[in-house]
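Down below is the structure, laid out as C-alpha cells.
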Ligand code: HEC
C-alpha cells in the first residue's frame with residue numbers, strides 16, 4: 002500500500018516536471034519572432050533590412066523580406082511557407098518546420114513587415 006502511494010507521487014512529480022519543461026521551452030521559442038526567423042534558418046537566405054537582420058549566405062538571391070507584409074495577403078504566407086503554393090511557377094525552397102505556435106508567431110511578424118509606415 003505504501004509503495005503504491007510512493008510510485009503515485011513519483012508519477013505526479015514526473016508529470017509536473019514534464020509540463021513545466023514544456024512551458025519553459027514554449028516561452029523560449031515564442032517570445033521573439035525574430036529569433037524564430039533566425040532559428041528556422043530563414044535568415045541564412047533572407048535579409049530583413051527594416052529589422053536590421055542580415056542574411057548569412059551572401060550568395061543567396063532570396064529577396065529581402067522588409068516589405069512582404071505589404072506585398073502579400075496573409076494567406077499567401079501560410080501556403081507559401083508550407084510549399085502548398087507557387088510563385089512565378091516555383092515553390093519556396095524550404096518548408097516551414099516547427100510548432101504551430103512558432104508558425105503563428107512568424108506569420109504575425111511577416112504580415113506586419115512594411116517598408117513605408119502608413120500613418
Ligand atoms: C534556401 C534559401 C531559403 C531559405 C532557408 C528561406 N527562403 Fe524564403 N525564399 C527563398 C527564395 C529563393 C525566394 C524567392 C522565390 C521566388 O521568387 O520564386 C523566397 C521567397 C520568400 C518569400 C516571398 C518574398 C517575396 O518578396 O515575395 C517569403 C515571405 C519567404 N521566402 C519567407 C521565408 C521564411 C519565413 C523562411 C524561414 C522559415 C524562409 N523564407 C527561408 C529562399 C529561402
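Numbering (our numbering), first residue to last: 2 to 120. A virtual CB, placed ideally from N, CA and C, is assigned to each residue, including glycine.
(request) Spatial neighbours of residue 75 within its chain, please: CB distance less than 8 Å, with the 5 preceding and 5 following residues excluded, ordered by chain position. (result) The sequence position of residue 75 within the chain shown is 74, counting from 1. Excluding sequence neighbours, residue 75 sits near 108, 112.
(message) I want to check one thing, is the minimum distance from the CB of residue 34 to the heavy atoms of the ligand HEC below 7 Å?
(response) Numbered from 1 along the chain shown, position 33 holds the residue referred to as residue 34. Not under cutoff, so the answer is no.
(message) Whole angstroms are fine: how far does the CA of residue 42 sit from the CA of residue 30?
(response) Numbered from 1 along the chain shown, position 29 holds the residue referred to as residue 30. Numbered from 1 along the chain shown, position 41 holds the residue referred to as residue 42. Low confidence applies here, because residue 30 scores a pLDDT of 47, under 50, leaving its location unreliable and the question unanswered by this model.
(message) Nearer than 7 Å: is that true of the beta carbon of residue 49 relative to any heavy atom of the ligand HEC?
(response) Numbered from 1 along the chain shown, position 48 holds the residue referred to as residue 49. No.
(message) Tell me which residues share the same chain as residue 58 and place their Cβ nearer than 8 Å to its Cβ, disregarding the 5 neighbours each side in the sequence.
(response) Locating residue 58 in the chain shown gives position 57, counting from the first residue. The answer, listed in chain order, is 45, 46.
(message) Applying the 10 Å Cβ sphere with the 16-neighbour rule, what's the burial state of residue 95?
(response) Sequence index remark: in the chain shown, residue 95 carries index 94 (1-based). Exposed.
(message) Helix, strand or coil for residue 4? Go by DSSP, reduced to three states.
(response) If you number the chain shown from 1, residue 4 lands on position 3. Helix, per DSSP.
(message) Can you tell me whether residue 101 sits near the ligand HEC, meaning its C-beta is under 7 Å from at least one heavy atom of the ligand?
(response) As a first step, residue 101 is located in the chain shown; it is residue number 100 there, counting from the start. Relative to the non-hydrogen atoms of the ligand HEC, the Cβ of residue 101 never comes closer than 7 Å to any of them.
(message) Which residue wins for smallest C-alpha separation from residue 78, given the options 39, 5, 110?
(response) One-based indexing of the chain shown puts residue 78 at position 77. Checked all of 39, 5, 110; the closest Cα to residue 78 is 110.
(request) Helix, strand or coil for residue 62, going by three-state DSSP, please let me know. (result) In the chain shown, counting from the first residue as 1, residue 62 sits at position 61. Looking at residue 62 - three-state DSSP - the assignment turns out to be coil, as it is neither helix nor strand.
(request) State buried or exposed for residue 34, treating a residue as buried only when at least 16 other CB atoms are found within 10 Å of its CB. (result) Taking the first residue of the chain shown as position 1, residue 34 is located at position 33. When all chains shown are included, residue 34 counts as buried.
(message) Taking the alpha-carbon of residue 54 as reference, which of 62, 67, 89, 60 has the nearest alpha-carbon?
(response) Numbered from 1 along the chain shown, position 53 holds the residue referred to as residue 54. Closest by alpha carbon: 67.
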